[in-house]
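**Student:** Before I ask anything, here is the structure I am working with.
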Amino acid sequence: MSYQNHVIKDVIKFENSESDTSMEGKEAIVKIAKLDKPNKRRELTEKIIEAIFMLCALTAVICVATITIFIFWEGGPAIFEIGLSNFIMGTEWEPLADIFGILPMILGSLYATALAIAFGVPIGILGAVFLAEIAPVWLQRIVRPAVELLAGIPSVIYGFFGLIIIVPMLSDQFGGAGNSLLAASIILSVMILPTVISISETSIRAVPKEYKEGSLAMGASHIQTIFKVIIPSAKSGILAAVILGIGRAIGETMAVILVAGNSPLIPESLTDKVRTLTGNIALEMGYAYGLHQEALFATGVILFVFIMGLNLTLNLVTHKAGE
Amino acid sequence: MNMRTVKDTIMKMLIFLSAFITIGILVWIIGFVVTRGIKHINLAFLFTFPKGDEGGIFPYIMNTLYMILLSLSIATPIGVLAAIYLVEYTNSHPVVKFIVRVIRFATESLAGIPSIIFGLFGMLFFVIILGLSWSLLSGALTLSIMVLPTIIRTTEEALKAVPSSFREASLGLGASKLRTVYKAILPSAIPGILTGVILSVGRVVGETAAVIFTAGSAVNLMKNLSTSGRTLSVHMYILAKEGISFDMAYATATILLIIVFVINLSTNMLAKRLNKAV
Numbered sequence: 001m002s003y004q005n006h007v008i009k010d011v012i013k014f015e016n017s018e019s020d021t022s023m024e025g026k027e028a029i030v031k032i033a034k035l036d037k038p039n040k041r042r043e044l045t046e047k048i049i050e051a052i053f054m055l056c057a058l059t060a061v062i063c064v065a066t067i068t069i070f071i072f073w074e075g076g077p078a079i080f081e082i083g084l085s086n087f088i089m090g091t092e093w094e095p096l097a098d099i100f101g102i103l104p105m106i107l108g109s110l111y112a113t114a115l116a117i118a119f120g121v122p123i124g125i126l127g128a129v130f131l132a133e134i135a136p137v138w139l140q141r142i143v144r145p146a147v148e149l150l151a152g153i154p155s156v157i158y159g160f161f162g163l164i165i166i167v168p169m170l171s172d173q174f175g176g177a178g179n180s181l182l183a184a185s186i187i188l189s190v191m192i193l194p195t196v197i198s199i200s201e202t203s204i205r206a207v208p209k210e211y212k213e214g215s216l217a218m219g220a221s222h223i224q225t226i227f228k229v230i231i232p233s234a235k236s237g238i239l240a241a242v243i244l245g246i247g248r249a250i251g252e253t254m255a256v257i258l259v260a261g262n263s264p265l266i267p268e269s270l271t272d273k274v275r276t277l278t279g280n281i282a283l284e285m286g287y288a289y290g291l292h293q294e295a296l297f298a299t300g301v302i303l304f305v306f307i308m309g310l311n312l313t314l315n316l317v318t319h320k321a322g323e
Numbered sequence: 001m002n003m004r005t006v007k008d009t010i011m012k013m014l015i016f017l018s019a020f021i022t023i024g025i026l027v028w029i030i031g032f033v034v035t036r037g038i039k040h041i042n043l044a045f046l047f048t049f050p051k052g053d054e055g056g057i058f059p060y061i062m063n064t065l066y067m068i069l070l071s072l073s074i075a076t077p078i079g080v081l082a083a084i085y086l087v088e089y090t091n092s093h094p095v096v097k098f099i100v101r102v103i104r105f106a107t108e109s110l111a112g113i114p115s116i117i118f119g120l121f122g123m124l125f126f127v128i129i130l131g132l133s134w135s136l137l138s139g140a141l142t143l144s145i146m147v148l149p150t151i152i153r154t155t156e157e158a159l160k161a162v163p164s165s166f167r168e169a170s171l172g173l174g175a176s177k178l179r180t181v182y183k184a185i186l187p188s189a190i191p192g193i194l195t196g197v198i199l200s201v202g203r204v205v206g207e208t209a210a211v212i213f214t215a216g217s218a219v220n221l222m223k224n225l226s227t228s229g230r231t232l233s234v235h236m237y238i239l240a241k242e243g244i245s246f247d248m249a250y251a252t253a254t255i256l257l258i259i260v261f262v263i264n265l266s267t268n269m270l271a272k273r274l275n276k277a278v
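Protein chains in written order, with the numbering used here: chain A, 1 to 323; chain C, 1 to 278.
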């Protein structure tokens, strides 16, 4: 501190001196130069700290890289051994006979996800419209926390609810055991609702007020404005919501296992039992060994490829929205 | 004109119906589980060890708690420091920009990876390759990777919400960058960071697929880092899957719902405080 005071005094002297090369001035310059020394040490500490912060930020990159490498490392050879086309186009899954075809599981995942999106997305978008445009503030204060709560409920509880309520209901309605593609998609559609609602609501609220005002001023009704102006303007955000919903549905495991019936056959109707990619892994991982275990990791590889494709799409969509 | 009113009315009804369905499902699930579960919850259920299909869930509660503490004490420092880097230390230098883009993409990808993949990875990497076996440590390490994106994202939001006048004032007074971050920015961002931590607690509590393959499902209390044991959610899954004791399943589900409810309540309260502060 005193060191700095001296320098400040010197600088003042330097400024007040008549000649621009006075002795005091030179000393001041020298002293300011000396002041740089402790600053350099400080800068070094700062650089080290910054490097630590950066390392922490890179942890996410390292984790994604490690996960990708190890899943492919363990699952890749099995795909070669079984043969890619035998693996992803094979319709039979019989681990005891060393037959590993996961087409039923791929289709199971795709059907269940498609149906979940078909049920869940319209309700989700309309729910978001309700929150952003229709509901008075007091109602928003009830509905929004409810949606958040829905997002927080663990997937096992959804599965349990499906098992106790949805499955018997479907069994009464359509006969059979009730464990089915339909049961899985109903539960999944409920599980993606909070994602779809909250992200769609955000993007609907982000639509500039002028659009709405313009449309209303042209004589369009509020509802027409919502569906003809606001939703089209929010479409990239809504698309992001749908993609995240697809990701959640295709990756969901425990809830699906509890209600889907899990037989590894291609479902032919909504009431058929179905096994998803995630279910295939979780059901057999506990006791699998050898090629069987590797085939489960290979199932993980296929799932991983789907998810990474979705991530990339999402990245493109959100970047476009950002621009 | 009349046609338009009819259409509008129909659409409005559909909108109301969607909101009603959303609320209805929530009320249905909670009502259904809690009405059947609450009567089986008592002190004995919470604080005794299980005996066969009967008895309490004390060890599972403790295991869940250990899992929360360990995974968050790994993920929180890393996540917070990562967010500080992303918000406070980046500039428009092309190399830095590229690194930030890679980090952002990795964080988003990590958030999108399904929990079963984390389970597979955790089992392969921590359990088998590192030889940690099915244990608290394997489970917590896996979960800490899983919750990292949540902590990074919420901390980033919180840091961005700190007015830039705080930074300018602190730097203007001659404080170093580190001191500015530590003394001026972090304290104002604490509620936001806490929100991220609490959200992560929710994720750890509710996780099943990633935990069952890394921490196992043994019926015991975790005594140290290398013991295997099941958490509440794993217990819940096994009860539902095997159909052992539905009374116990309802009661366990009720406990889980209560935890989720408390978590949501506290994040909402924090969010309110955050909005007031800024």
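Every residue gets a Cβ at the ideal spot worked out from N, C-alpha and C, and that includes glycine.
Would you check if the distance between the CB atom of Thr-254 of chain C and the CB atom of Ile-29 of chain C is smaller than 9 Å?
**Tutor:** Contact: no.
**Student:** From Asn-63 of chain C to Ser-245 of chain C, what distance separates their C-alpha atoms?
**Tutor:** So the alpha carbons of these two residues sit roughly 21 Å apart.
**Student:** Tell me where the alpha helix (DSSP H) around Trp-28 of chain C begins and ends.
**Tutor:** Note, Trp-28 of chain C: alpha helix (DSSP H), 2-37.
**Student:** Between Ala-260 of chain A and Lys-212 of chain A, what straight-line distance do the alpha-carbon atoms span, to the nearest angstrom?
**Tutor:** Between Ala-260 of chain A and Lys-212 of chain A, the C-alpha separation is close to 44 Å.
**Student:** Suppose you measure from the CA of Trp-93 of chain A to the CA of Ile-102 of chain A; what does that come to, to the nearest Å?
**Tutor:** Looking at the two C-alpha atoms, the distance is approximately 7 Å.
**Student:** List, in order along the chain, the chain A residues whose C-beta lies closer than 9 Å to that of Val-87 of chain C?
**Tutor:** Correct list: empty, because the minimum Cβ distance to chain A is about 10 Å.
**Student:** 9 Å is my cut-off, CB to CB: does Asn-220 of chain C come that close to chain A?
**Tutor:** No, because no Cβ of chain A sits closer than 9 Å to the Cβ of Asn-220 of chain C.
**Student:** Can you list, in chain order, the residues of the stretch 169-193 of chain A whose Cβ is nearer than 7 Å to any Cβ on chain C?
**Tutor:** Cβ contacts with chain C come from Val-190 and Leu-193.
**Student:** Kindly list the residues whose CB is nearer than 7 Å to the CB of Ile-25 of chain C, restricted to its own chain and excluding five residues on each side of it in sequence; keep chain order.
**Tutor:** Excluding residues within five positions, none has a Cβ falling inside 7 Å.
**Student:** Check for me: the alpha helix (DSSP H) holding Pro-194 of chain A runs from which residue to which?
**Tutor:** Residues 181-205.
**Student:** For Glu-268 of chain A, count neighbouring Cβ atoms within 10 angstroms of its own Cβ and tell me buried if that reaches 16, exposed if not.
**Tutor:** Exposed: under 16 other Cβ atoms inside 10 Å.
**Student:** Can you find a CB in chain A that lies within less than 9 Å of the CB of Arg-167 of chain C?
**Tutor:** It does not: the Cβ of Arg-167 of chain C has no partner Cβ on chain A nearer than 9 Å.
**Student:** In angstroms with no decimal places, state the Cα-to-Cα distance between Lys-241 of chain C and Thr-252 of chain C.
**Tutor:** Going from the Cα of Lys-241 of chain C to the Cα of Thr-252 of chain C covers about 14 Å.
**Student:** Is Asp-247 of chain C close to chain A? Criterion is C-beta to C-beta, closer than 9 Å.
**Tutor:** Answer no: the Cβ-Cβ gap between Asp-247 of chain C and chain A never drops below 9 Å.
**Student:** Across the stretch 165-183 of chain A and the stretch 55-71 of chain C, are there enough close Cβ pairs to call them in contact, namely three or more that are closer than 8 Å?
**Tutor:** Result no; under three Cβ-Cβ pairs closer than 8 Å.
**Student:** Indicate whether the contact test is met: 3 or more Cβ pairs, each with one atom in the stretch 164-180 of chain C and one in the stretch 100-107 of chain C, closer than 8 Å.
**Tutor:** The answer is no - the stretch 100-107 of chain C does not touch the stretch 164-180 of chain C, with fewer than three Cβ pairs under 8 Å.
**Student:** Does the beta-carbon distance from Glu-50 of chain A to Tyr-89 of chain C come in below 9 Å?
**Tutor:** Yes, Cβ-Cβ distance for Glu-50 of chain A and Tyr-89 of chain C is below 9 Å.
**Student:** What does Asn-311 of chain A reach in chain C if we use C-beta pairs closer than 7 Å?
**Tutor:** Here the neighbours are Glu-108, Ser-109 and Gly-112.
**Student:** Could you say which of C:Thr-22, C:Ile-10 and C:Ala-271 lies nearest to Ala-161 of chain C if we only look at CA atoms?
**Tutor:** Looking at the Cα atoms, C:Ala-271 is the closest of the given residues.
**Student:** Mind listing the chain C neighbours of Val-156 of chain A? Cutoff is C-beta to C-beta under 7 Å, in chain order.
**Tutor:** Going along chain C in sequence order, the residues near Val-156 of chain A (Cβ under 7 Å) are Thr-208, Ser-233, Met-236, Tyr-237 and Ala-240.
**Student:** What is the DSSP secondary structure of Ile-99 of chain A, reduced to helix, strand or coil?
**Tutor:** DSSP places Ile-99 of chain A in strand when its eight states are reduced to three.
**Student:** Tell me whether Lys-223 of chain C sits in a helix, a strand or coil according to DSSP, three-state version.
**Tutor:** Of the three classes helix, strand and coil, the one that applies to Lys-223 of chain C here is coil, per DSSP.
**Student:** By the three-class DSSP mapping on this structure, what secondary structure does Pro-168 of chain A have?
**Tutor:** In this structure, Pro-168 of chain A counts as helix in the three-state DSSP scheme.
**Student:** Consider the Cβ of Glu-252 of chain A: report whether some Cβ of chain C lies at a distance smaller than 9 Å.
**Tutor:** Answer yes: the Cβ-Cβ gap between Glu-252 of chain A and chain C drops below 9 Å somewhere.
**Student:** Report yes if the CB atom of Pro-194 of chain A is closer than 9 Å to the CB atom of Leu-239 of chain A, and no otherwise.
**Tutor:** No, they are not a contact pair.
**Student:** Can you tell me which of A:Leu-316, A:Tyr-289 and A:Val-317 puts its alpha carbon nearest to the alpha carbon of Ala-78 of chain A?
**Tutor:** If we check each option's Cα against that of Ala-78 of chain A, A:Tyr-289 comes out closest.
**Student:** For Asn-325 of chain A, return the contacting residues in chain C, with the cut-off set at a CB-CB distance below 8 Å.
**Tutor:** Not covered by the structure: residue 325 of chain A. The range shown for chain A is 1 to 323.
**Student:** Can you tell me whether Thr-9 of chain C is buried or exposed, with buried defined as 16 or more other CB within 10 angstroms of its CB?
**Tutor:** Exposed, since its Cβ has fewer than 16 Cβ neighbours within 10 Å.
**Student:** CA-CA distance, Met-1 of chain A and Ile-113 of chain C?
**Tutor:** Reliability fails at Met-1 of chain A, whose pLDDT of 43 lies under 50, so the model's placement of it is uncertain and no value is given.
**Student:** For a test of the three-state rule: what should DSSP assign to Gly-300 of chain A, helix, strand or coil?
**Tutor:** If DSSP states are grouped into helix, strand and coil, Gly-300 of chain A belongs with the helices.
**Student:** Using only the alpha-carbon positions, how far apart do Thr-154 of chain C and Phe-126 of chain C sit?
**Tutor:** Cα to Cα, Thr-154 of chain C sits roughly 27 Å from Phe-126 of chain C.
**Student:** Does any residue of chain A have a CB that is nearer than 9 Å to the CB of Ala-282 of chain C?
**Tutor:** Look at the range of chain C in this structure, 1 to 278, and you will see that residue 282 of chain C is not part of it.
**Student:** Suppose you measure from the CA of Met-269 of chain C to the CA of Val-262 of chain C; what does that come to, to the nearest Å?
**Tutor:** Each residue's alpha carbon lies about 11 Å from the other.
**Student:** Would you list the one or two residues that DSSP bridges to Val-274 of chain A?
**Tutor:** According to DSSP, Val-274 of chain A bridges with A:Gly-261.
**Student:** Just the Cα atoms here: how many angstroms apart are Ser-165 of chain C and Leu-84 of chain A?
**Tutor:** Approximately 58 Å between the Cα atoms of the pair.
**Student:** For His-319 of chain A, count the other beta carbons within 10 Å of its own beta carbon; 16 or more makes it buried, fewer makes it exposed. Which is it?
**Tutor:** Flag for His-319 of chain A reads exposed.
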